[in-house]
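Here the protein sequences come in this chain order: A and B.
In our numbering, each residue carries its 1-based index in the first sequence increased by 9.
In our numbering, each residue carries its 1-based index in the second sequence increased by 9.
From the three backbone atoms N, C-alpha and C, an ideal C-beta is built for every residue, glycine too.
Quick caveat: nothing in here was measured; it's all calculated off a predicted structure.
2 protein chains.
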Amino acid sequence: MSSLKNDLLLRALRQEEVERPPVWMMRQAGRYLPDYIKLREKYDFFTRVQTPELATAITLQPVDQVGVDAAIIFSDILVIPQAMGMEVLMEEGKGPSLPKVIRNQKDIEALSTDNAEEKLKYVLDALSLTKKELNGRVPLIGFAGAPWTLLCYMVEGKGSKTWDKAKQFAYTEPAMAHLLLQKTTDITIAYLKAQAAAGADTVQVFDSWAGSLSPADFKTFAQPYLLQIADALKDIVPVILFPKGTWHALNDLSRSSAAGLGLDWCVDPAVAREMTGNRITLQGNFDPAKLLAPIPEIRRSVKEMIDGFGKRRYIANLGHGITPNVPVDHARAFVDAVKEYQP
Amino acid sequence: MSSLKNDLLLRALRQEEVERPPVWMMRQAGRYLPDYIKLREKYDFFTRVQTPELATAITLQPVDQVGVDAAIIFSDILVIPQAMGMEVLMEEGKGPSLPKVIRNQKDIEALSTDNAEEKLKYVLDALSLTKKELNGRVPLIGFAGAPWTLLCYMVEGKGSKTWDKAKQFAYTEPAMAHLLLQKTTDITIAYLKAQAAAGADTVQVFDSWAGSLSPADFKTFAQPYLLQIADALKDIVPVILFPKGTWHALNDLSRSSAAGLGLDWCVDPAVAREMTGNRITLQGNFDPAKLLAPIPEIRRSVKEMIDGFGKRRYIANLGHGITPNVPVDHARAFVDAVKEYQP
Numbered sequence: 010m011s012s013l014k015n016d017l018l019l020r021a022l023r024q025e026e027v028e029r030p031p032v033w034m035m036r037q038a039g040r041y042l043p044d045y046i047k048l049r050e051k052y053d054f055f056t057r058v059q060t061p062e063l064a065t066a067i068t069l070q071p072v073d074q075v076g077v078d079a080a081i082i083f084s085d086i087l088v089i090p091q092a093m094g095m096e097v098l099m100e101e102g103k104g105p106s107l108p109k110v111i112r113n114q115k116d117i118e119a120l121s122t123d124n125a126e127e128k129l130k131y132v133l134d135a136l137s138l139t140k141k142e143l144n145g146r147v148p149l150i151g152f153a154g155a156p157w158t159l160l161c162y163m164v165e166g167k168g169s170k171t172w173d174k175a176k177q178f179a180y181t182e183p184a185m186a187h188l189l190l191q192k193t194t195d196i197t198i199a200y201l202k203a204q205a206a207a208g209a210d211t212v213q214v215f216d217s218w219a220g221s222l223s224p225a226d227f228k229t230f231a232q233p234y235l236l237q238i239a240d241a242l243k244d245i246v247p248v249i250l251f252p253k254g255t256w257h258a259l260n261d262l263s264r265s266s267a268a269g270l271g272l273d274w275c276v277d278p279a280v281a282r283e284m285t286g287n288r289i290t291l292q293g294n295f296d297p298a299k300l301l302a303p304i305p306e307i308r309r310s311v312k313e314m315i316d317g318f319g320k321r322r323y324i325a326n327l328g329h330g331i332t333p334n335v336p337v338d339h340a341r342a343f344v345d346a347v348k349e350y351q352p
Numbered sequence: 010m011s012s013l014k015n016d017l018l019l020r021a022l023r024q025e026e027v028e029r030p031p032v033w034m035m036r037q038a039g040r041y042l043p044d045y046i047k048l049r050e051k052y053d054f055f056t057r058v059q060t061p062e063l064a065t066a067i068t069l070q071p072v073d074q075v076g077v078d079a080a081i082i083f084s085d086i087l088v089i090p091q092a093m094g095m096e097v098l099m100e101e102g103k104g105p106s107l108p109k110v111i112r113n114q115k116d117i118e119a120l121s122t123d124n125a126e127e128k129l130k131y132v133l134d135a136l137s138l139t140k141k142e143l144n145g146r147v148p149l150i151g152f153a154g155a156p157w158t159l160l161c162y163m164v165e166g167k168g169s170k171t172w173d174k175a176k177q178f179a180y181t182e183p184a185m186a187h188l189l190l191q192k193t194t195d196i197t198i199a200y201l202k203a204q205a206a207a208g209a210d211t212v213q214v215f216d217s218w219a220g221s222l223s224p225a226d227f228k229t230f231a232q233p234y235l236l237q238i239a240d241a242l243k244d245i246v247p248v249i250l251f252p253k254g255t256w257h258a259l260n261d262l263s264r265s266s267a268a269g270l271g272l273d274w275c276v277d278p279a280v281a282r283e284m285t286g287n288r289i290t291l292q293g294n295f296d297p298a299k300l301l302a303p304i305p306e307i308r309r310s311v312k313e314m315i316d317g318f319g320k321r322r323y324i325a326n327l328g329h330g331i332t333p334n335v336p337v338d339h340a341r342a343f344v345d346a347v348k349e350y351q352p
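Dropping the structure here:
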């Protein structure tokens with residue numbers, strides 16, 4: 010079925026038996042890699058994202074240098090608000106900002122959901138080029154931000170510890186919030202379908218701020234849109250949902266159309282498996298800060314993690330993105346520890 | 010037993026029947042209150058904390074103005090590192106910083122655990138004065154930071170989203186981390202005993218950053234010290250533990266010597282009750298951002314929350330501190346909704 014030399018990730022998502030779990034790292038193409046820093050010094054963020062040759066080069070770095078079992082396209086979740094007509098600025102090391110935030114019905118109605126493929130052609134070109142350059146070495150992962158997480162940025166205008174403004178908007182104007190969430194869901198579905206057509210072997214939906222919501226509010230403002238996306242893609246490409254911090258929804262989400270479910274490190278592997286049965290492939294959940302520990306401690310913790318999840322229906326990963334201060338040989342030790350896993 | 014006119018909080022902690030749940034709010038004496046802002050304009054942070062008359066005035070404000078069922082002494086968790094010999098700076102609106110952080114065994118050995126009562130006499134004086142001024146209207150809550158959360162600040166030197174440095178220290182030098190945690194535990198126990206002697210009717214231990222740890226690391230670096238504190242105080246004063254974000258430890262902690270367990274809003278009330286049985290009084294867990302919602306929505310959500318927890322063995326509160334941007338009448342609506350609760 011696949012011309013991939015290493016299709017461990019896809020087999021894990023299909024719940025097939027594997028020799029060992031596949032491993033990749035969120036933000037694996039990023040600031041801990043010296044070669045990424047070199048490109049960052051020459052090209053600003055959106056130039057890197059919008060130039061397929063640069064995005065491809067960055068995407069391939071961790072495959073070549075760290076030995077991960079999958080490439081994830083170098084891009085950003087905020088390309089969707091951009092494609093909908095919002096201005097997004099990115100200051101290196103400071104995170105994104107959106108000068109003109111969503112405040113009312115008119116702002117939402119002004120957002121465009123048309124021609125996503127055309128406006129985001131640079132991502133699709135980067136996927137096609139990366140696919141070609143990978144030449145079947147490992148699968149290629151596409152991705153998008155989840156509607157709730159995009160709403161957070163679109164309403165708040167920048168990162169936040171508490172997402173007060175975004176939550177105030179949702180709690181005060183729920184009908185408007187749902188209108189916005191549905192619009193981003195629609196364009197995201199079109200975008201992810203186009204990613205699959207351009208060569209993505211699987212797609213991950215990042216709901217980075219889902220954990221800011223109570224279980225009831227997650228079920229109101231986040232979960233329905235995640236389920237819509239998973240349903241719309243299920244016959245096209247396997248979907249991995251990663252609603253960070255939502256241990257309370259694990260059982261529900263394990264019964265969705267998604268193929269995989271990402272976990273942060275605040276849930277015990279064996280407990281997560283128990284909450285989800287053998288219904289879905291789990292992905293995660295190494296504490297990124299533990300990559301700063303000595304290598305023997307990294308290796309010990311990786312073994313403990315895989316013992317907890319079990320080898321099948323499992324994708325080894327971090328519980329959140331790798332941080333810039335991780336030494337490359339520690340990242341490599343993490344990957345190697347998975348590859349050398351013995352029960 | 011008590012000369013208190015309103016002892017709902019203490020009866021809830023003793024698991025007695027109550028007419029209605031007691032209610033207070035974390036950070037209820039704080040920046041959302043105009044009278045607090047007035048004092049803040051005249052006196053800097055540590056002047057407010059270290060002057061018993063000011064600390065008392067601030068502590069009483071929400072009792073008089075918002076109608077909460079308990080006063081919590083105005084102070085700061087970082088008075089313990091200060092008393093141990095560390096410099097702590099507080100820039101208004103920016104949070105604390107500790108210029109000289111803990112790096113090695115020598116730094117830890119240099120920390121003093123002696124004469125806590127003498128060094129923190131200003132807190133004890135503030136408690137005695139507040140107790141007198143309250144004149145039995147409501148109970149008085151003392152508090153301290155939990156050892157893990159104090160370690161976070163003492164090693165990191167300031168607030169952090171990920172507590173990378175603190176965690177790196179703990180994962181790399183666990184023996185040193187345990188030495189530091191034990192020293193802060195020892196002084197904290199002495200401090201909380203002194204608070205009870207000075208008039209605190211109950212004490213809360215804030216483990217604000219416990220949720221940054223995996224379940225296994227929480228059990229290693231946080232839980233044992235929380236249990237030590239609860240054990241040491243159990244025959245002296247009821248203890249409320251609030252390890253934010255540690256739903257995974259609810260069952261364990263419900264079997265501790267603590268009388269109460271604080272919860273953030275990311276756990277469903279009925280689920281929390283199920284995880285803890287009727288073994289312990291639960292406190293929380295209103296999403297602070299929901300205080301920005303319209304008042305009818307606040308009232309609806311409060312009723313839903315109390316329905317979930319049940320009226321007995323329950324203390325209504327927020328899931329984290331009240332934020333400066335909450336209108337006072339919304340805070341009052343929260344308190345009133347609890348007081349007017351009908352099943």
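Item to check | Any C-beta of chain B under 9 Å from that of I313(A) | outcome: Per the sequence presented here, residue 313(A) reads as Glu, with Ile not at that position. Closer than 9 Å to some Cβ of chain B, the Cβ of E313(A) qualifies, so yes.
Checklist entry - Between V347(B) and chain A, is there a C-beta pair that is closer than 9 Å? => result no
Checklist entry - What's the call for I46(B), buried or exposed, on a 16-neighbour Cβ count within 10 Å? => result exposed
Item to check | Amino acids of chain A, ordered along the chain, whose beta-carbon sits closer than 8 Å to that of N334(B) | outcome: D173
Item to check | Range covered by the alpha helix (DSSP H) that runs through M99(A) | outcome: Not the alpha helix (DSSP H): M99(A) falls in the beta strand (DSSP E), residues 98 to 100.
Checklist entry - E306(B) CB to nearest chain A CB: under 9 Å? => result Yes, E306(B) counts as interfacial toward chain A.
Next on the checklist: Between which residues of its own chain and L189(A) is the CB-CB distance below 6 Å, once the five residues before and five after are set aside?
Outcome noted: Its chain contains I117, L160 as the residues whose beta carbon lies nearer than 6 Å to that of L189(A), once the 5 sequence neighbours on both sides are disregarded; these appear in chain order.
Checklist entry - Using the beta-carbon of each residue, which ones in chain B are nearer than 8 Å to I254(A)? => result Sequence inspection shows Gly at residue 254(A); the Ile mentioned does not correspond to that position. Going along chain B in sequence order, the residues near G254(A) (Cβ under 8 Å) are C275.
Next on the checklist: Is G102(A) close to chain B? Criterion is C-beta to C-beta, closer than 9 Å.
Outcome noted: By this cut-off, G102(A) is not an interface position.
Item to check | Beta-carbon proximity list for A79(A), same chain, < 6 Å, skipping 5 on both sides | outcome: L18, W33, V147, P148, I150
Next on the checklist: For a contact defined as C-beta to C-beta under 9 Å, what are the partners of V280(A) on chain B?
Outcome noted: Under the 9 Å cutoff, chain B gives P224, H257.
Checklist entry - Terminal residues of the continuous alpha helix (DSSP H) containing N260(B)? => result 259 to 263
Checklist entry - Can you check whether the CB of F152(A) is closer than 9 Å to the CB of E101(A)? => result In this structure, E101(A) lies away from F152(A), with their beta-carbon atoms at least 9 Å apart.
Item to check | Members of the region 174 to 202 of chain B near chain A, C-beta cut-off 7 Å | outcome: K176, Q177, Y180, T181
Checklist entry - Is it true that the region 329 to 347 of chain A meets the region 292 to 300 of chain A, where meeting means three or more beta-carbon pairs spaced less than 8 Å apart? => result At 8 Å Cβ cutoff, the stretches touch.
Checklist entry - Looking at the unbroken alpha helix (DSSP H) that takes in Y52(A), where does it start and where does it end? => result Run containing Y52(A): none; DSSP gives neither H nor E here.
Next on the checklist: If you follow the beta strand (DSSP E) that A325(B) is in, where does it begin and where does it stop?
Outcome noted: Going by DSSP, A325(B) is part of the beta strand (DSSP E) stretching over 323 to 327.
Item to check | Within 9 Å, strictly: CB atoms of L242(B) and K192(B) | outcome: no
Checklist entry - Are there three or more Cβ pairs, one per stretch, closer than 8 Å when the region 225 to 236 of chain A is compared with the region 248 to 262 of chain A? => result yes
Checklist entry - Just curious, the beta strand (DSSP E) that G404(B) is in, first and last residue? => result Limits of chain B in this structure are 10 at one end and 352 at the other, which puts residue 404(B) out of reach.
Item to check | Beta carbon proximity, G220(B) to chain A, threshold 9 Å | outcome: yes
Checklist entry - Is any beta-carbon of chain A found at less than 9 Å from that of L5(B)? => result One cannot answer for residue 5(B) here, as it falls past the ends of chain B, which runs 10 to 352.
Next on the checklist: Helix, strand or coil for F230(B)? Go by DSSP, reduced to three states.
Outcome noted: If DSSP states are grouped into helix, strand and coil, F230(B) belongs with the helices.
Checklist entry - Assuming A302(A) contacts T60(B) under a Cβ cut-off of 8 Å, what Cβ separation, rounded to an integer in Å, is found between them? => result The Cβ separation is near 44 Å, so there is no contact.
Checklist entry - With 16 as the cutoff for other CB atoms within 10 Å, does D73(B) come out buried or exposed? => result exposed
Checklist entry - Excluding sequence positions up to five away, which residues of its chain have a Cβ less than 8 Å from the Cβ of P43(B)? => result V337
Item to check | Alpha-carbon spacing of P71(A) relative to A38(A), whole angstroms | outcome: 6 Å
Checklist entry - In terms of residue numbering, what span does the beta strand (DSSP E) encompassing Q213(B) cover? => result It spans 211 to 216 - the beta strand (DSSP E) in which Q213(B) sits, taken as one unbroken run.
Checklist entry - For L22(B), which option in I307(B), L250(B), A342(B) has the closest C-alpha, if you only look at C-alpha atoms? => result L250(B)
Item to check | Straight-line gap, I307(B) to D173(A) (C-alpha atoms, nearest Å) | outcome: 15 Å
Next on the checklist: For the beta strand (DSSP E) containing A153(A), name the first residue and the last one.
Outcome noted: 149 to 154
Checklist entry - Pick from L235(B), I245(B), D195(B): whose alpha carbon is nearest that of K253(B)? => result L235(B)
Item to check | Burial state of M10(B), where buried means 16 or more other Cβ atoms lie within 10 Å | outcome: With a pLDDT of only 41 at M10(B), under the threshold of 50, the placement of this residue in the model should not be trusted; the figure read from the coordinates follows. Counting Cβ neighbours within 10 Å, M10(B) comes out exposed, since fewer than 16 surround it.
Next on the checklist: Alpha carbons only, please: which of G154(B), Y52(B), V110(B), E126(B) is nearest the one belonging to S217(B)?
Outcome noted: G154(B)
Item to check | Residues near R57(B) in its chain [Cβ-Cβ closer than 8 Å; skip 5 each side] | outcome: L48, R49, L63, A64, I67, F83
Item to check | Close beta carbons around D195(B), own chain, < 6 Å, minus the five adjacent residues each side | outcome: For D195(B), same chain residues with a beta-carbon under 6 Å away, outside a window of 5 residues either side, are T122 in chain order.
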